[in-house]
Amino acid sequence: MTNEIKSVISKLIPIGIYDGSKERHRVKKVKNSNNTYIKKNEKQKENKFSLNNANNYVYLGSTNTSLLNNMGITLSDDGSLLLIKGKTHDLITGLYNKHFKGGFKYNVFNIESQQGDNMKFKELYVDPNGFLIGNKRSENKSDSAEENKNELYKIKFNKIEKDYNLNDSSSNSIENSFIVEYEKYIIDDELKQDLSSINNIVELKESNVLKINREGLDLSVSLKDNMLYIKGLPKEIISSDQVDSGKIEEYNVVENKEVENKEVENKEVENKEVENKEVEDKEVEHKIKIPLKSTDKILAIKPILNQIQLVVDKGNKIKIYYLDPLNIFSLKDYQYEVTRLKQEPPLSFYSMVGENHYNNYHSGQPFSTQKIGNFSSRYIPLFSSLIDKVRISIDKTKQQYALKQYKSMASNVAKTVDPGFRGAVSNIKEISNSSTSPCENKFKALHSARINMKEADQILSKYIKGVKNSKTAGEVIYSLVKEMKEKSSVSIMDSKGIRAFFSTNLMSLNANIGVNAFILASYAKTHSITLSKNEKNEVIFSFINKKGINVSAGLSGGIAGCEKKWIGENVSYNATTSLMASVYLSINYERQSDFSFKIALDDVVDFIDKGMKFTYEELKNNTTLNDNRDISLAISADMRSELNAGVNLSLGNKTQMSIPRNAIGINVIANLLKLNFNINKFFDYGEISEAKKKKVIDLKLFEILLDAYRDLKFIPSKTNSTKANNWLPLATIKNVEFMFQKKINSLFSINVFNSQKLKDEREFENKKKNLKGIYKRVLKINKLFDENPTFYNVSKNISKLDGVHLTMLPNKKLKNKMKKDPVLLNEMEVISNFDKLKDGNNFKNQFLLDLEGRKKTLSSQEKNNKNERFKSYSVFQYKLDKKSEIIYKKAKEMFNEKINEIIKNENITTDSIKSTLSNLYDKFKDDFSKLKYQLSSIDIMSISELLEKDKSIPLVLVELENAKGIIYHQIKGEIKFLYDEDNEQLDKVSTNYYF
547 MTNEIKSVIS
557 KLIPIGIYDG
567 SKERHRVKKV
577 KNSNNTYIKK
587 NEKQKENKFS
597 LNNANNYVYL
607 GSTNTSLLNN
617 MGITLSDDGS
627 LLLIKGKTHD
637 LITGLYNKHF
647 KGGFKYNVFN
657 IESQQGDNMK
667 FKELYVDPNG
677 FLIGNKRSEN
687 KSDSAEENKN
697 ELYKIKFNKI
707 EKDYNLNDSS
717 SNSIENSFIV
727 EYEKYIIDDE
737 LKQDLSSINN
747 IVELKESNVL
757 KINREGLDLS
767 VSLKDNMLYI
777 KGLPKEIISS
787 DQVDSGKIEE
797 YNVVENKEVE
807 NKEVENKEVE
817 NKEVENKEVE
827 DKEVEHKIKI
837 PLKSTDKILA
847 IKPILNQIQL
857 VVDKGNKIKI
867 YYLDPLNIFS
877 LKDYQYEVTR
887 LKQEPPLSFY
897 SMVGENHYNN
907 YHSGQPFSTQ
917 KIGNFSSRYI
927 PLFSSLIDKV
937 RISIDKTKQQ
947 YALKQYKSMA
957 SNVAKTVDPG
967 FRGAVSNIKE
977 ISNSSTSPCE
987 NKFKALHSAR
997 INMKEADQIL
1007 SKYIKGVKNS
1017 KTAGEVIYSL
1027 VKEMKEKSSV
1037 SIMDSKGIRA
1047 FFSTNLMSLN
1057 ANIGVNAFIL
1067 ASYAKTHSIT
1077 LSKNEKNEVI
1087 FSFINKKGIN
1097 VSAGLSGGIA
1107 GCEKKWIGEN
1117 VSYNATTSLM
1127 ASVYLSINYE
1137 RQSDFSFKIA
1147 LDDVVDFIDK
1157 GMKFTYEELK
1167 NNTTLNDNRD
1177 ISLAISADMR
1187 SELNAGVNLS
1197 LGNKTQMSIP
1207 RNAIGINVIA
1217 NLLKLNFNIN
1227 KFFDYGEISE
1237 AKKKKVIDLK
1247 LFEILLDAYR
1257 DLKFIPSKTN
1267 STKANNWLPL
1277 ATIKNVEFMF
1287 QKKINSLFSI
1297 NVFNSQKLKD
1307 EREFENKKKN
1317 LKGIYKRVLK
1327 INKLFDENPT
1337 FYNVSKNISK
1347 LDGVHLTMLP
1357 NKKLKNKMKK
1367 DPVLLNEMEV
1377 ISNFDKLKDG
1387 NNFKNQFLLD
1397 LEGRKKTLSS
1407 QEKNNKNERF
1417 KSYSVFQYKL
1427 DKKSEIIYKK
1437 AKEMFNEKIN
1447 EIIKNENITT
1457 DSIKSTLSNL
1467 YDKFKDDFSK
1477 LKYQLSSIDI
1487 MSISELLEKD
1497 KSIPLVLVEL
1507 ENAKGIIYHQ
1517 IKGEIKFLYD
1527 EDNEQLDKVS
1537 TNYYF
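Count along the sequence shown from 1, add 546, and you get the number used in my numbering.
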């Protein structure tokens, strides 16, 4: 039975800017400790968070909603919901704001119903499924029994709507709606939480008992006299696998074999009396030793997902910590201790994948701790990936140490310093696994999809801790797609690759000029699952298997200028500027299959948990498969100039190792001749094992690419103490990390031959052999239509979001830019002069200021750090205005009519047809020059990644690479532009934001 959902149209009311410090006036006689606390002082110039704000605080990134997941929520003194919005900071800007700008500031908003029917709460928490739960506050405060009653609701934030009526002079306000949904939350009495809030502690003295689960054991945790007490655990816990849900994973091992044997012996001699005593002991509360100072006071506790949030008064400030029940151990009977308190909250899927703001120096939220180690490494040249790898390993080591997983910890440390050869065998084995290769029919595609789904479940269970708890694979997938919006998608991917290089010196023209012969080979394999939803609430599954092989061989010559300095007999450092050129032959083979189908949302769980079963007819009629192969042969010439530096270690016999070689440079690649051969087979609905092949051969000349790159490698090279050819063949830097890449194909590429074009021409000429030369004219007109489509999608960097041009011309030139009133520079000036502005300028200014604010918010969140990546962008869609639509429609109809006349008229002459088509082309060209495109919408998008990347040390000879994880494409906002009846003037802007 589905609970009724109450949707409340609310608005966000700014109530001020707060800092993170404590209030000064104090309240005494708080039940859980003898400390004194701060009470709100209305005379203070700066707003301070009250004790009530701290006790009821929840980070929305811990909930399963994607809206506002970078913000916090708490309760006001009357129980109203308050949103807390701050700004994340990297190390440099964070230190500057902390020490020179008066600390971090936070904007606080009150969520107020537009109808006055506000729902108020006395406490908030997050249940194990990621739902934000509120315990409704009674209106009758005098009735103690009524006040203690639990009436729980799921709280969900849907979207922020705002309408700007640009031509409505009668309106004095902007329509602003914040949609909040409340759903009754039904839970068994024994699972209900008994939380503490400031009102509960001081007035009602509730017992403050939490119910949590340690993957198999139901636990109760209570707060008494500044101490935590627990019941439900066994008397002795040596390692985490002893109480986990029976799943023995790689890291869940018994660390001491003697302990394991002893436990087995003890179980054999246990009698009924001992068993009964242990059951009784589990019902007794036992103290937990936690790693806090004796002067720290625990003010409140609450469950967040399946962890415990502790609000701690540290004297001069309030901090929030998180206790994972897996970090509770007992080496002696019932002497429990916590090995680690974390400062980062547990995260839901939406926050974990690329939007973990607690990986910044400052998270943008109060009650958090700044961590210098959370600096961004993306701007550190050459060593950023190495720094990230070490930091990730340190974080993982800390977690394993806290879990007493010492063997796993040692293994993790070994992997950090391992050059990559430990994984070579398994990497090559998985690459050669045919079950994840591209598929040639639907039977093989379904078999491969089932295997990929199992691997995807393992990845999700590893990364998405918030949804792992006791859920099946189908339930995990359902939880991801249930709230997914159209235009959003989630991909779970696994990619493996290997590269090998060999080079030999052919000749040296002089001390600084040499010529090498080289060969470079690479093999890569990727399989992924992409999940999305359509307008019919169906989940679209797309299983993509891809593999690629590349072999390049040729000659490379270089001129190097080297400055070398020796530190000792065996060590030197150098800086080199070099110029290189290469000519080589490249052969590339790439194959990809895409197996897709749709499943109703309500059927997803059963479909996956029952093995993704299809009948023969369902497989034939309800699925599609696209099998595509690309083979290319290219003769290329490269030129490269770079600056490189390295520390050189002598290995003897005139051989040294550069540790490492660091280089930055510019690379120009010209494909002198490129032959492409494409074979495509598409199995549509109704086809299962046989489909028609479509073959296209394409020959091009002079295709140019421009790259700026950075290179980091450990390189063995022949040299001596007086000179060094410190340049390398160009092929060695292929596939390294490019800083940017630009294709200049449109300027220079010459298309010599295209088999599809030739086939179309033959078919046309065969139908009307006496109409020679007609095809070119028809093709010319079709090209004119293609160059002037009915709409354009223009992608822009998020920094260009507030550069709104309402008109686009056929040459793609943008016009009619929306501009703010030059007098009004900020939002406060707009508000104070709102009534003085005329003709909708007030609304236009407010819209542009709001858009600018959204741009700054998303720009500040961009990251490429510690295996996480987040980048936002915008898509501007321009459509033909009404007049242009009429012009375009008439031209299309006229063209089709003339073609039909030509085909039907057997007596028409060739010259007459040519003249007719030439006249049509001239007319259409003139008409299309008058087309105008109006801005129809802007989609604000983001791409976020959480990928675990393993690489061997980048030796020139062999390099292995493995990446697996999650990629999330998300729609962050939708902006619609509505015009007046004549379609001449912008009338209204409607916005929906999800962040």
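From the three backbone atoms N, C-alpha and C, an ideal C-beta is built for every residue, glycine too.
Answer yes or no: the CB of residue 660 versus the heavy atoms of the ligand MG, is any distance below 7 Å?
Among the components of this structure there are no ligands whatsoever, and the ligand MG is therefore not found.
When the Cβ atoms of the segment 1089–1097 are set against those of the segment 1018–1030, are three or more pairs found closer than 8 Å?
Look at the beta carbons and you see the segment 1089–1097 not touching the segment 1018–1030: under three pairs across the two are nearer than 8 Å.
Grab the span of the alpha helix (DSSP H) containing residue 598 for me, first residue to last.
Segment 597–601, the alpha helix (DSSP H) holding residue 598.
Boundaries of the alpha helix (DSSP H) in which residue 1046 is found, first to last residue:
Boundaries for residue 1046: no alpha helix (DSSP H) harbours it, while the beta strand (DSSP E) harbouring it runs 1035–1054, taken from the DSSP string.
According to the Cβ coordinates, are residue 1400 and residue 1347 closer than 8 Å?
Result yes, Cβ atoms of residue 1400 and residue 1347 sit closer than 8 Å.
With DSSP collapsed to three states, give me the class of residue 1175.
In the structure shown, residue 1175 sits in a strand (DSSP, three-state: E or B).
Pairwise C-alpha distance: residue 890 and residue 762:
Using only the alpha carbons, I get a separation of about 24 Å.
Determine the DSSP secondary structure at residue 1097, reduced to helix, strand or coil.
It is a strand residue.
What does a CB cutoff of less than 7 Å around residue 917 pick up in its chain, not counting 5 residues either side in sequence?
Only 907 meet the Cβ criterion.
Of the choices 702, 1540, 1225 and 1185, whose alpha-carbon is the least far from that of residue 1172?
Nearest to residue 1172 by C-alpha distance, out of 702, 1540, 1225 and 1185, is 1225.
Only counting the same chain, and skipping five residues up and downstream in sequence, which positions put a Cβ closer than 6 Å to that of residue 991?
Correct list, in chain order: 985, 1141 and 1171.
Considering only the beta carbon of each residue, do residue 1132 and residue 1180 sit closer than 8 Å?
Cβ atoms of residue 1132 and residue 1180: closer than 8 Å.
Looking at C-alpha atoms only, which residue of 1529, 1486 and 1532 is the closest neighbour of residue 1516?
It is 1486.
Go ahead and label residue 1414 buried or exposed: buried means 16 or more other beta carbons lie within 10 angstroms of its beta carbon, across all protein chains shown.
Answer is buried; the Cβ neighbour count reaches 16.
Only counting the same chain, and skipping five residues up and downstream in sequence, which positions put a Cβ closer than 6 Å to that of residue 1291?
With a pLDDT of 44 at residue 1291, under the threshold of 50, the predicted position of this residue should be treated as unreliable, though the coordinate-derived value follows. Excluding residues up to 5 positions away in sequence, 1249 lie with their Cβ nearer than 6 Å to the Cβ of residue 1291 in the same chain.
By the 10 Å Cβ neighbour count, where 16 or more other Cβ atoms means buried, how is residue 903 classified, buried or exposed?
Its Cβ being crowded by 16 or more others within 10 Å, residue 903 is buried.
Taking 8 Å as the threshold (C-beta atoms), are residue 1189 and residue 1214 in contact?
Going by C-beta atoms, residue 1214 is not nearer than 8 Å to residue 1189.
contact_flag[the segment 630–637, the segment 874–891] where n(CB pairs < 8 Å) is 3 or more:
Contact fails: fewer than three Cβ-Cβ distances are below 8 Å.
Nearest neighbour of residue 1430, chosen from 1465, 1334 and 1366 [CA to CA]
Here the closest residue by C-alpha is 1334.
Give the single residue among 1070, 1128, 1323 and 1187 whose Cα lies nearest to the Cα of residue 1218.
With distances taken between Cα atoms, residue 1218 lies closest to 1128.
Do you know how far the Cα of residue 1254 is from the Cα of residue 1144?
Going by C-alpha positions, residue 1144 is about 42 Å away from residue 1254.
May I have the straight-line CA-CA distance separating residue 836 from residue 1417, to the nearest angstrom?
Residue 836 and residue 1417 have their C-alpha atoms roughly 39 Å apart.
Where does the unbroken beta strand (DSSP E) through residue 1353 begin, and where does it stop?
Taken as a continuous stretch (DSSP letters only), the beta strand (DSSP E) holding residue 1353 covers 1351–1354.
Which term fits residue 1280, buried or exposed, when burial requires 16 or more other beta carbons within 10 angstroms of its beta carbon?
The pLDDT assigned to residue 1280 is 43, lower than 50, so where the model puts this residue is not dependable; a value taken from the coordinates is nonetheless given after this. Buried.
Over what stretch of residues does the alpha helix (DSSP H) that includes residue 1467 continue unbroken?
For residue 1467, the enclosing alpha helix (DSSP H) has its first and last residue at 1456–1474.
Report the three-state DSSP secondary structure of residue 1137 (helix, strand or coil).
In the three-state reduction of the DSSP assignment, residue 1137 falls in the strand class, which pools E and B.
Leaving out five residues before and five after residue 1514 in sequence, what residues of the same chain have Cβ atoms less than 6 Å from its Cβ?
Cβ neighbours of residue 1514 beyond the five flanking positions: 899, 1036 and 1490.
Unbroken beta strand (DSSP E) run spanning residue 1535, endpoints
Per DSSP, residue 1535 belongs to the beta strand (DSSP E) from 1532–1539.
Whose C-alpha, out of 612, 1534, 651 and 621, is nearest the C-alpha of residue 562?
Ranking the options by Cα distance to residue 562, first place goes to 651.
Return the CA-CA distance between residue 1004 and residue 783, expressed in angstroms with no decimal places.
Between residue 1004 and residue 783, the C-alpha separation is close to 27 Å.
When the Cα atoms are used, what is the spatial distance from residue 610 to residue 677?
Cα to Cα, residue 610 sits roughly 6 Å from residue 677.
Which one of 850, 831 and 863 has the shortest CA to CA distance from residue 841?
Residue 863 is the option with its Cα nearest to residue 841.
From the DSSP output, in three-state form, read off residue 604 for me.
The answer is strand: DSSP assigns residue 604 an E or B state.
Would you grab the beta carbon distance between residue 851 and residue 674 for me? Rounded to a whole angstrom, and I think it's under 8 Å.
About 6 Å separates the beta carbon of residue 851 from that of residue 674, a gap short enough to meet the 8 Å contact definition.
Within the same chain, show all residues whose beta-carbon is closer than 8 Å to that of residue 1146, passing over the 5 residues directly before and after it, in chain order.
Excluding sequence neighbours, residue 1146 sits near 1083, 1084 and 1085.
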